[in-house]
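Beneath this line is the structure, given in structure tokens, with notes to follow.
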Amino acid sequence: MNREIAVVAFAQTDHRRSTEESSEVEMVMPVLHEVLAQTGLRAADIGFTCSGSSDYLAGRAFSFTLALDGVGAWPPISESHVEMDGAWALYEAWTKLLTGDADTALVYSYGKCSPGSVRDVLTRQLDPYYVAPLWPDSIALAALQAQALIDAGHTDEPALAAVGARSRADAEANPHAQVKGGSIPQGDYVVRPLRTGDCPPVGDGAAAVILAAGERARELCERPAWIRGIDHRIEAHGLGVRDLTDSPSARLAADKAGAFERPVDTAELHAPFTAQEVILRRALGLGDDVRVNPSGGALAANPVMAAGLIRIGEAAARIHRGASDRALAHATSGPCLQQNLVAVLEGDPR
Amino acid sequence: MPEVLRAPLVVEFPFTRSLGPVQSAFLTGLRERVVLGVRTGDGRTLVPPVEYDPVTAEEIRDLVEVAPTGTVTTWAWNHEPRRGQPLDTPFAWALVRLDGADTALLHALDAPGPAAVRTGMRVRIRWAAERTGAITDIACFEPYEGGAGQPTGHTGAFDEPLSGIVAPARLDYTYSPGRAQSAYIHALSEQRTVGERCPSCRKVYVPPRGACPTCGVATAEQVEVGPRGTVTTFCIVNIKAKNLDIEVPYVYAHIALDGADLALHARIGGVPYDQVRMGLRVEPVWTEGARYPDHYRPAGEPDADYDTYKELL
Ligand SMILES: [Zn+2]
Numbered sequence: 001m002n003r004e005i006a007v008v009a010f011a012q013t014d015h016r017r018s019t020e021e022s023s024e025v026e027m028v029m030p031v032l033h034e035v036l037a038q039t040g041l042r043a044a045d046i047g048f049t050c051s052g053s054s055d056y057l058a059g060r061a062f063s064f065t066l067a068l069d070g071v072g073a074w075p076p077i078s079e080s081h082v083e084m085d086g087a088w089a090l091y092e093a094w095t096k097l098l099t100g101d102a103d104t105a106l107v108y109s110y111g112k113c114s115p116g117s118v119r120d121v122l123t124r125q126l127d128p129y130y131v132a133p134l135w136p137d138s139i140a141l142a143a144l145q146a147q148a149l150i151d152a153g154h155t156d157e158p159a160l161a162a163v164g165a166r167s168r169a170d171a172e173a174n175p176h177a178q179v180k181g182g183s184i185p186q187g188d189y190v191v192r193p194l195r196t197g198d199c200p201p202v203g204d205g206a207a208a209v210i211l212a213a214g215e216r217a218r219e220l221c222e223r224p225a226w227i228r229g230i231d232h233r234i235e236a237h238g239l240g241v242r243d244l245t246d247s248p249s250a251r252l253a254a255d256k257a258g259a260f261e262r263p264v265d266t267a268e269l270h271a272p273f274t275a276q277e278v279i280l281r282r283a284l285g286l287g288d289d290v291r292v293n294p295s296g297g298a299l300a301a302n303p304v305m306a307a308g309l310i311r312i313g314e315a316a317a318r319i320h321r322g323a324s325d326r327a328l329a330h331a332t333s334g335p336c337l338q339q340n341l342v343a344v345l346e347g348d349p350r
Numbered sequence: 001m002p003e004v005l006r007a008p009l010v011v012e013f014p015f016t017r018s019l020g021p022v023q024s025a026f027l028t029g030l031r032e033r034v035v036l037g038v039r040t041g042d043g044r045t046l047v048p049p050v051e052y053d054p055v056t057a058e059e060i061r062d063l064v065e066v067a068p069t070g071t072v073t074t075w076a077w078n079h080e081p082r083r084g085q086p087l088d089t090p091f092a093w094a095l096v097r098l099d100g101a102d103t104a105l106l107h108a109l110d111a112p113g114p115a116a117v118r119t120g121m122r123v124r125i126r127w128a129a130e131r132t133g134a135i136t137d138i139a140c141f142e143p144y145e146g147g148a149g150q151p152t153g154h155t156g157a158f159d160e161p162l163s164g165i166v167a168p169a170r171l172d173y174t175y176s177p178g179r180a181q182s183a184y185i186h187a188l189s190e191q192r193t194v195g196e197r198c199p200s201c202r203k204v205y206v207p208p209r210g211a212c213p214t215c216g217v218a219t220a221e222q223v224e225v226g227p228r229g230t231v232t233t234f235c236i237v238n239i240k241a242k243n244l245d246i247e248v249p250y251v252y253a254h255i256a257l258d259g260a261d262l263a264l265h266a267r268i269g270g271v272p273y274d275q276v277r278m279g280l281r282v283e284p285v286w287t288e289g290a291r292y293p294d295h296y297r298p299a300g301e302p303d304a305d306y307d308t309y310k311e312l313l
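Note that the protein sequences, when read in sequence, are chains A and B. Everything in the first sequence is counted per full-length UniProt numbering, starting at 1 for the first residue and increasing by one. Everything in the second sequence is counted per full-length UniProt numbering, starting at 1 for the first residue and increasing by one.
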């Protein structure tokens, strides 16, 4: 594994409650063009393309094949898709580049939550025998986790509210964020103990990243965000088997990715619910000196299937513009932080 | 910009799932008001039970009965129950560790309000009146003052054990077709077929999807095509589709409308099925009030020369 691979470009849509005037490909295509324009590459120059999305969100079978129209896949390109967040598509692209089969990769993902009810859609990823027949929605499961965290004495409702307020205040500086403003009221309970302000906004959006290996990365980007390590780990699917107040899979992924070798200055955590940020900070040992979610995080914009890739993109973009030298990016999938991916990104010394 | 089109879309499936021996025993047990767990190699009892040890991945088959009473390990108050959830009045979601188990089971807890619920409270199973062998055979949990209930000493062997379950699933969406397809549908309602041209390769796509799949750029220039076209290829349908009032056999064809660079597909009528051929010239047949052509029929022209449509096959 002696090939250096970097994130060299990142683009995202403005995330909005609804993009009903656009099809999926109409929503995704401008982001693909923007990320290519940042590097001067054309689609035909890309060695490998990988995307992440879920047909369940908008209820459109094989929507990813239609979205591929936005890439320009003729003559046939080397291409793959994961029915997961785009962070896992990036993982596949990273391994493809490691093999030496390609020098550049285009990774994109998108989520249209507006056509359906994402709280109910996400119940379909649960254990189909013992859990899915009860239709426990995503906020209910996150609320069980938050209550467990409160019972354990690791947080309380005012502390959770502060996480939400800080995220939305930081989102003021993010032109793509859907919800911004530190003075937005925390709102009523959705599923107690979680209030509106503890939950992510429901919205549509897309994101794209370009990866490049070695010297190619230096040609395409003034300050590449080198991926020093990525790893992803999963926990048991049974919620009652897990300790919901901890995230051993996130900690292990971070360890395998090399996150604990040296301190990071920035962390982009994919914590759609406030309590999950508290859990991840503890699991990853992030102190107050680490800038957490300067983008506002998933509490400011949560296009499902893209929000994890956006964490990697946001962390990389901070390195590109010199605001960070070493950053941790995290993505999650499944209920209550079931599966976690951690990437460690670094810029060349200045 | 024309109005955004919207239509309800329901995706509904009855998923038929087979059960492993441990899942079968657990769900059959619920039918018989018996709760079974499974013992792991290190002596823990998992409820609900699984086929493989979540830590070691070892196959586990050692069934053990636990009590119908237990303790709440965490909870969340759900004041607005959603479709499909266990209770239609406000309730608490709860993870409950049954007496005798080392792990917790997710279900609803029927309580008068959040003030009546706390972690550590004692609860017991309220059984559903009608039980089929499903997690919903537990209607919910209810508050319970008392010690551990007594297991009956069940071995986990049942007459007529379940071998599978049918799990219905329904999701409701509001479908919007997007800019390009909306324009296409709007034009169709005026009995015009309008495609879009790629600014790069100049191909005209019908129906348009907003992007040229070859060039990866947006199509925007609208181009009216047809109304007549050429059958490029076809098939003969011999099996009647459910809910479709068309006599078989009939012909379904790819039709290259005049001016289009992509064939669309439609039914061919007004001609015996065995007389449809490649190159047949056809025209749309509109029915009163319809928003799209009912079918295409022969236009009464000489057949098109193969060379005029071979690139569209
Ligand atoms: Zn084109």
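Don't be surprised by glycine CBs; every beta carbon is placed ideally from N, CA and C.
- Tell me, which residues are paired with Ala299(B) by DSSP? Translated into the one-based positions of the second sequence, residue 299(B) becomes position 299. Per DSSP, none; premise fails for Ala299(B).
- Task: Using the DSSP secondary-structure output, state which residues sit across from Gln222(B) in a beta bridge.
- Result: For this step, residue 222(B) is matched to residue 222 along the second sequence. Answer by DSSP bridge pairing, in chain order: Glu196(B).
- So the alpha helix (DSSP H) Val251(B) belongs to, where does it begin and stop? Locating residue 251(B) in the second sequence gives position 251, counting from the first residue. Here Val251(B) belongs to no alpha helix (DSSP H); instead the beta strand (DSSP E) covers Tyr250 to Leu257.
- Message: Between Cys215(B) and chain A, is the shortest Cβ-Cβ distance under 8 Å, so that the two count as touching?
- Response: The residue labelled residue 215(B) in the question sits at position 215 within the second sequence. It does: the Cβ of Cys215(B) has a partner Cβ on chain A nearer than 8 Å.
- Item | Test item: CB-CB of Ala148(A) and Phe273(A) under 8 Å | Residue 148(A) sits at position 148 when you count from the first residue of the first sequence. Residue 273(A) sits at position 273 when you count from the first residue of the first sequence. Going by C-beta atoms, Ala148(A) is not nearer than 8 Å to Phe273(A).
- Task: Assign Ile184(A) to one of three DSSP states: helix, strand, or coil.
- Result: Numbered from its first residue, the first sequence carries residue 184(A) at position 184. It is coil, neither helix nor strand.
- Determine the closest residue to Asp233(A) out of Val71(A), Gly297(A), Leu337(A) and Gly52(A), with distance taken between C-alpha atoms. Position 233 of the first sequence, counted from the first residue, corresponds to residue 233(A). According to the sequence shown, residue 233(A) is Arg rather than Asp. Of the listed residues, the one whose Cα sits closest to Arg233(A) is Leu337(A).
- Query: Can we count Cys215(B) as close to ligand 1, meaning its CB is less than 7 Å from some heavy atom?
  - Reply: Taking the first residue of the second sequence as 1, we reach residue 215(B) at position 215. Within the cutoff, so yes.
- How would you write the range of the beta strand (DSSP E) that Leu286(A) sits in, first residue to last? The residue you call residue 286(A) lines up with position 286 of the first sequence. Segment: none, Leu286(A) is in no beta strand (DSSP E) and carries neither H nor E.
- Item | Strand pairing of Gln12(A), partner residues [DSSP] | What you label residue 12(A) is simply residue 12 of the first sequence in a count that begins at 1. Answer by DSSP bridge pairing, in chain order: Ala207(A).
- Specify the secondary structure class of Gly334(A) as computed by DSSP and reduced to three states. On the first sequence, residue 334(A) is found 334 positions in, with the first residue counted as 1. Note: Gly334(A) maps to coil in three-state DSSP.
- Query: So what does Pro248(A) bridge to, in DSSP terms?
  - Reply: Reading the first sequence from its first residue, position 248 is the one you call residue 248(A). Answer by DSSP bridge pairing: none, since Pro248(A) is not bridged.
- Query: Residues of chain B with CB under 8 Å from Gln147(A), in chain order?
  - Reply: As a working note, residue 147(A) is residue 147 in the first sequence. The answer, in chain order, is Thr74, Trp75, Ala76 and Thr119.
- Task: Look at the alpha carbon of Glu80(B) and the alpha carbon of Leu87(B), and state the distance between them as a whole number of angstroms.
- Result: Within the second sequence, residue 80(B) is the residue found at index 80, counting from 1. Within the second sequence, residue 87(B) is the residue found at index 87, counting from 1. If you take the alpha carbons of Glu80(B) and Leu87(B), they lie about 10 Å apart.
- Task: Could you say if the stretch 66-81 of chain A and the stretch 268-285 of chain A meet the contact criterion of at least three C-beta pairs nearer than 8 Å?
- Result: no
- Query: With a cut-off of 8 Å, does the C-beta of Leu122(A) fall near any C-beta of chain B?
  - Reply: Taking the first sequence and counting its residues from 1, one reaches residue 122(A) at position 122. Under the 8 Å criterion on CB atoms, Leu122(A) is classed as non-interfacial with respect to chain B.
- Task: Could you pull out every unbroken alpha helix (DSSP H) segment of at least 4 residues lying fully inside the UniProt domain "ChsH2 C-terminal OB-fold" (64-127) of chain B, listed in chain order?
- Result: none
- Message: Let's see if you can read the secondary structure: which residues bound the alpha helix (DSSP H) around Gly240(A)?
- Response: Residue 240(A) sits at position 240 when you count from the first residue of the first sequence. Element bounds for Gly240(A): n/a, residue is neither H nor E.
- Would a check of beta-carbon distances place His295(B) closer than 8 Å to chain A? Here residue 295(B) corresponds to residue number 295 of the second sequence, with the count starting at 1. No, His295(B) lies away from the interface with chain A (no Cβ there is under 8 Å from its Cβ).
- Message: Measuring straight from C-alpha to C-alpha, what distance separates Leu252(A) and Val64(B)?
- Response: Here residue 252(A) corresponds to residue number 252 of the first sequence, with the count starting at 1. Here residue 64(B) corresponds to residue number 64 of the second sequence, with the count starting at 1. Using only the alpha carbons, I get a separation of about 33 Å.
- Item | Interface residues of chain B facing Arg192(A) [CB-CB closer than 7 Å] | If you number the first sequence from 1, residue 192(A) lands on position 192. In chain order: Ala76, Trp77 and Pro114.
- Message: Buried or exposed for Thr56(B), going by 16 or more other Cβ atoms inside 10 Å?
- Response: In the second sequence, the residue the question calls residue 56(B) occupies position 56. By the 10 Å Cβ count, Thr56(B) comes out exposed.
- For Pro284(B), write down the residues that DSSP places opposite it in a beta bridge. As a position in the second sequence, residue 284(B) is number 284, starting the count at 1. Note: Pro284(B) sits in a beta bridge opposite Tyr296(B).
- Looking at the C-beta of His265(B), does it have a partner C-beta in chain A at a distance below 8 Å? On the second sequence, residue 265(B) is found 265 positions in, with the first residue counted as 1. Taking Cβ atoms only, chain A never reaches closer than 8 Å to His265(B), which makes this a no.
- Query: Assuming Gly195(B) contacts Val225(B) under a Cβ cut-off of 8 Å, what Cβ separation, rounded to an integer in Å, is found between them?
  - Reply: Counted from its first residue, the second sequence places residue 195(B) at position 195. Counted from its first residue, the second sequence places residue 225(B) at position 225. Yes, they are in contact, since the Cβ atoms of Gly195(B) and Val225(B) sit about 5 Å apart, within 8 Å.
- Query: What's the call for Val248(B), buried or exposed, on a 16-neighbour Cβ count within 10 Å?
  - Reply: Your numbering for residue 248(B) matches position 248 in the second sequence. The residue in question, Val248(B), is exposed, as its Cβ has fewer than 16 Cβ neighbours within 10 Å.
- Message: Can you look up Leu328(A) in the DSSP assignment and give me helix, strand or coil?
- Response: Working through the first sequence from its first residue, we reach residue 328(A) at position 328. Looking at Leu328(A) - three-state DSSP - the assignment turns out to be strand.
- Classify Ile234(A) as helix, strand or coil using the three-state DSSP reduction. Position 234 of the first sequence, counting from 1, holds the residue named residue 234(A). DSSP places Ile234(A) in strand when its eight states are reduced to three.
- With distances taken from CA atoms, which of Gly113(B), Val72(B) and Tyr173(B) is nearest Thr89(B)? In the second sequence, residue 89(B) corresponds to position 89, counting from 1. If we check each option's Cα against that of Thr89(B), Gly113(B) comes out closest.
- Are Leu57(A) and Leu144(A) touching if we call contact CB-CB under 8 Å? Here the question's residue 57(A) lines up with position 57 in the first sequence. Here the question's residue 144(A) lines up with position 144 in the first sequence. No.
- Task: Please compile the residues from chain A whose C-beta is within a distance smaller than 8 Å of the C-beta of Trp286(B).
- Result: The sequence position of residue 286(B) within the second sequence is 286, counting from 1. Ordered by position in chain A, no residue passes the 8 Å Cβ test against Trp286(B), which lies about 26 Å from the chain.
- Kindly indicate which three-state DSSP category residue 342(B) falls into: helix, strand or coil? Any answer about residue 342(B) is impossible in this case: the structure gives chain B only from 1 up to 313.
- Rounded to a whole number of angstroms, what is the C-alpha to C-alpha distance between Asn340(A) and Ala331(A)? On the first sequence, residue 340(A) is found 340 positions in, with the first residue counted as 1. On the first sequence, residue 331(A) is found 331 positions in, with the first residue counted as 1. Looking at the two C-alpha atoms, the distance is approximately 6 Å.
- Could you pull out every residue in the same chain whose Cβ sits closer than 6 Å to the Cβ of Gln186(A), ignoring the five residues on either side in sequence? Indexing the first sequence from 1 puts residue 186(A) at position 186. Hits under 6 Å: Ala161, Arg195 and Gly197.
- Query: How would you write the range of the beta strand (DSSP E) that His81(A) sits in, first residue to last?
  - Reply: Stepping through the first sequence from its first residue, residue 81(A) is reached at position 81. Unbroken beta strand (DSSP E) run through His81(A): Glu79 to Val82.
- What residue does the alpha helix (DSSP H) around Leu160(A) start on, and which one ends it? Locating residue 160(A) in the first sequence gives position 160, counting from the first residue. Bounds of the alpha helix (DSSP H) holding Leu160(A) are Glu157 to Asp170.
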